[in-house]
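In what follows, a structure is listed as structure tokens, so that the remarks can point back to it.
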Amino acid sequence: MSERSPLLRLPPMNALRAFDAVARRGSILKAADELGVARGAVRQQLAVLETFFGIILFQRDGRRLVLTKKGRAFADSVGIAFGILARASAELVAGERRTLRLGVPSAFAVWWLMPRVADLQAALPDVDVDIIPMAVVEPLERHPDLDAVIMGGEYRPTPDITAIRFMEDEFGPVATPDLAARLGLAAGVEALATAVALTSRSAPRLWDDWFAESGHAPIRFARTREFEDLLLAIGAARSGVGVAIVPRTAIGDDIDRGLLVAPFGFIQRPAGYSLSIRSGDAKDAAFVRLADWLVKAGAEPIPPRAR
1 MSERSPLLRL PPMNALRAFD AVARRGSILK AADELGVARG AVRQQLAVLE
51 TFFGIILFQR DGRRLVLTKK GRAFADSVGI AFGILARASA ELVAGERRTL
101 RLGVPSAFAV WWLMPRVADL QAALPDVDVD IIPMAVVEPL ERHPDLDAVI
151 MGGEYRPTPD ITAIRFMEDE FGPVATPDLA ARLGLAAGVE ALATAVALTS
201 RSAPRLWDDW FAESGHAPIR FARTREFEDL LLAIGAARSG VGVAIVPRTA
251 IGDDIDRGLL VAPFGFIQRP AGYSLSIRSG DAKDAAFVRL ADWLVKAGAE
301 PIPPRAR
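Take the sequence shown: its letter number 58 is residue 58 in UniProt numbering, and every next letter is one higher.
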């Protein structure tokens with residue numbers, strides 16, 4: 001009797017696609033919109049997959065679907081597999097040139113990466129680096145459509161992801177000179193109690209991290225305003241709406257020109273910035289050159305054209 005081919009044990013592709021979409025989007029409705037099908041069809045495919053394995057992959061938490069421990073591990077592997085298929089398909093029809101889709105925090109892309117993009121392209125002349133700005137930065141394992149992601153702050157990669165730290169960074173509170181003077185920030189951190197704190201959903205813990213790492217006791221602000229993206233929070237700080245907590249890479253030019261001041265200086269973020277790639281790509285020449293360029297650029301001072 002011949003052995004059964006392992007391929008026969010693969011679950012239905014439509015069920016895998018539905019599972020991957022729900023795992024990434026966290027919602028049957030959002031997954032259905034992405035796939036262009038009805039919600040009932042997505043639920044049916046999830047049931048097919050759970051029946052196939054005889055394992056519960058999701059649990060309900062109120063109205064939300066939450067992956068079980070086994071479901072999360074399987075979702076990570078399915079995402080990687082779809083990513084490999086997507087990249088292989090793109091390379092099949094792309095000819096000799098390659099395209100790397102690089103997810104980047106939007107503020108970091110605008111203020112640090114884009115002023116250096118010509119140097120990046122020169123370092124990878126046979127590769128098109130497609131820079132995808134991300135308002136909310138999520139780990140690479142949640143984005144099978146991306147080849148790599150730049151992560152800022154504390155990040156713990158999964159076993160299938162390799163993180164390459166390429167640059168340190170500093171962060172701190174900033175405001176316009178007029179607002180800093182009006183609030184009396186020169187007197188000390190306690191003066192922040194009368195300020196409007198500007199935050200962003202893309203980096204929601206920056207204020208907490210700054211208080212913890214600077215050694216200052218947390219302050220209860222007069223008010224907090226949250227923006228979708230760090231770029232919007234920085235823009236609000238420039239207009240005098242309040243005090244924002246931001247990475248120095250995002251506002252170095254504003255500090256140099258006197259548009260913003262950092263009344264308490266900046267402190268170093270131990271985690272800095274890292275390039276996360278799939279471990280299977282770690283020895284790929286294009287990814288090696290991208291990582292090498294980031295490490296070199298991250299060690300250099302800001303060039304005049306980036307100011």
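Backbone N, C-alpha and C fix where the C-beta goes; we use that ideal spot for every residue, glycine too.
Ranked by Cα distance from Asp178, the first of Ser106, Ala271, Gly242, Thr224 is Gly242. Contact between Phe74 and Leu65 fails: their C-beta atoms lie close to 14 Å from each other, not under 8 Å. Just measuring C-alpha positions, the residue of Arg248, Arg220, Gln121 sitting nearest Ala107 is Arg248. Straight-line spacing of the CA atoms in Leu290 and Thr162 works out to 14 Å.
Going by beta carbons, Arg225 and Val189 fall outside the 9 Å limit. In this structure Ala23 is in contact with Leu67, their Cβ atoms being roughly 6 Å apart against a cut-off of 8 Å. When rounded, the separation of the alpha-carbon atoms in Arg220 and Pro159 is 39 Å. For Arg248, no beta strand (DSSP E) encloses it; the enclosing alpha helix (DSSP H) starts and ends at 248-257. For Phe264, same chain residues with a beta-carbon under 7 Å away, outside a window of 5 residues either side, are Gly172, Pro173, Val189 in chain order. Taken through DSSP and simplified to helix, strand or coil, Phe58 comes out as strand. When the beta-carbon positions are compared, Pro139 and Met151 come within less than 9 Å of each other. One thing to note: Leu230 has its Cβ within 9 Å of the Cβ of Pro105. The bridge partners DSSP lists for Met134 are Pro105. Look at the beta carbons and you see the region 248-259 not touching the region 198-217: under three pairs across the two are nearer than 8 Å. Assignment of Ile219 by DSSP, reduced to helix, strand and coil, places it in the coil class.
DSSP places Leu206 inside the alpha helix (DSSP H), whose first and last residues are 206-214. By DSSP's assignment, Val129 forms a beta bridge with Leu100. Non-local C-beta neighbours of Ile277 in its own chain, meaning closer than 6 Å and more than five positions away in sequence, comprise Ala148, Thr162, Phe287, ordered along the chain. A direct Cα-Cα distance of roughly 16 Å separates Val78 from Pro157.
Rounded to whole angstroms, the Cβ separation of Leu146 and Arg72 is 19 Å, and the two are not in contact under 8 Å. Beta bridge pairing from DSSP links Val174 with Ala244. Note that the C-beta distance between Leu275 and Ile164 is below 9 Å. Boundaries of the alpha helix (DSSP H) harbouring Arg24: 13-25, taken from the DSSP string. Short of 8 Å from the beta carbon of Leu192, and not among the five residues preceding or following it, lie these beta carbons of its own chain, in chain order: Pro173, Leu183, Leu185, Ile219, Phe221, Val243.
If the five residues before and after Val48 are omitted, its C-beta is found closer than 7 Å to the C-beta atoms of Pro12, Ala15, all from its own chain and listed in chain order.
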